[in-house]
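Heads up: the sequence shown begins at 3 in the numbering used here, then just goes up one per residue.
From the three backbone atoms N, C-alpha and C, an ideal C-beta is built for every residue, glycine too.
All values derive from a computational prediction rather than experimental measurement.
Below you'll find the structure, written out as structure tokens, and then a few comments.
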Amino acid sequence: MDAVQLGPLLIKKSYLVLLFSCLLAYLYIAIYLRKKPEIVKTVENHLTSGLLIWILIFKFSIIIFRPSIIWTNPYGLLFFTGGTRGFYLAIVVTIVFLFWKLQQSNIHIKTSAFILIPSIIIIISSYYGITAIL
Numbered sequence: 003m004d005a006v007q008l009g010p011l012l013i014k015k016s017y018l019v020l021l022f023s024c025l026l027a028y029l030y031i032a033i034y035l036r037k038k039p040e041i042v043k044t045v046e047n048h049l050t051s052g053l054l055i056w057i058l059i060f061k062f063s064i065i066i067f068r069p070s071i072i073w074t075n076p077y078g079l080l081f082f083t084g085g086t087r088g089f090y091l092a093i094v095v096t097i098v099f100l101f102w103k104l105q106q107s108n109i110h111i112k113t114s115a116f117i118l119i120p121s122i123i124i125i126i127s128s129y130y131g132i133t134a135i136l
């Protein structure tokens, strides 16, 4: 297991790479929206909400895929994640949520697409690119 130890914390390298990939996508969004300062705060709020939704769905999607864990090992909910299927479920739900919230905030669908689609491509390509190098 490739991990970095920071004091008592043990952090997987893949999580650090994912965090860096998300920061690259945020940099893209900040550069893209620098000429539209009126919607920056709205987009940041929706992205923060989307991140929280992604974390919650990824963490607790094990209930959907293995509901027996509630009765056999309820403490397992604290330690286990949803795995690969939970990861993809969280991505799909978060993307749908972000498109919905941006549409609800009267942000044009073209602007929403120019924010989200390249961001997703940046996250995926930088994650796999950096992972291949490491």
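| For Ile13: DSSP bridge partner residues | DSSP, once it has assigned bridges, lists Val6 as partnering Ile13.
| message | Quick check on this structure: which residue in Tyr90, Ile135, Ile122 has the alpha carbon closest to the alpha carbon of Ser23? | response | Ile122
| From Asn108, Lys14, Leu100, Thr50, residue whose alpha carbon lies closest to that of Leu25 | Closest option to Leu25, Cα to Cα, is Thr50.
| field | Close-in-space but distant-in-sequence residues of the same chain around Ile117 (CB under 7 Å, 5 per side omitted) | value | Ile31, Tyr34, Val45
| request: Please confirm if Leu21 has its CB atom under 8 Å from at least one CB of chain C. | output: Of the protein chains in the structure, only one exists, and it is not chain C.
| query | Closest by CA to Ser63, which one among Pro76, His48, Thr83? | reply | Thr83
| query | Which class does Tyr30 belong to by DSSP, given the choice of helix, strand or coil? | reply | helix
| task | Let me know the secondary structure DSSP gives Arg68 once reduced to three states. | result | Coil, per DSSP.
| Thr96, buried or exposed, once every other Cβ within 10 Å from all chains shown has been counted against 16 | buried
| Does DSSP classify Leu91 as helix, strand or coil? | helix
| Start and end of the alpha helix (DSSP H) containing Gly84? | Unbroken run through Gly84: none, as it is neither H nor E.
| message | My assumption, with CB atoms under 8 Å, is that Ile59 sits in contact with Leu100. Please give the rounded CB distance. | response | Distance from Ile59 to Leu100 at the Cβ level is roughly 13 Å; contact not present, criterion being Cβ atoms closer than 8 Å.
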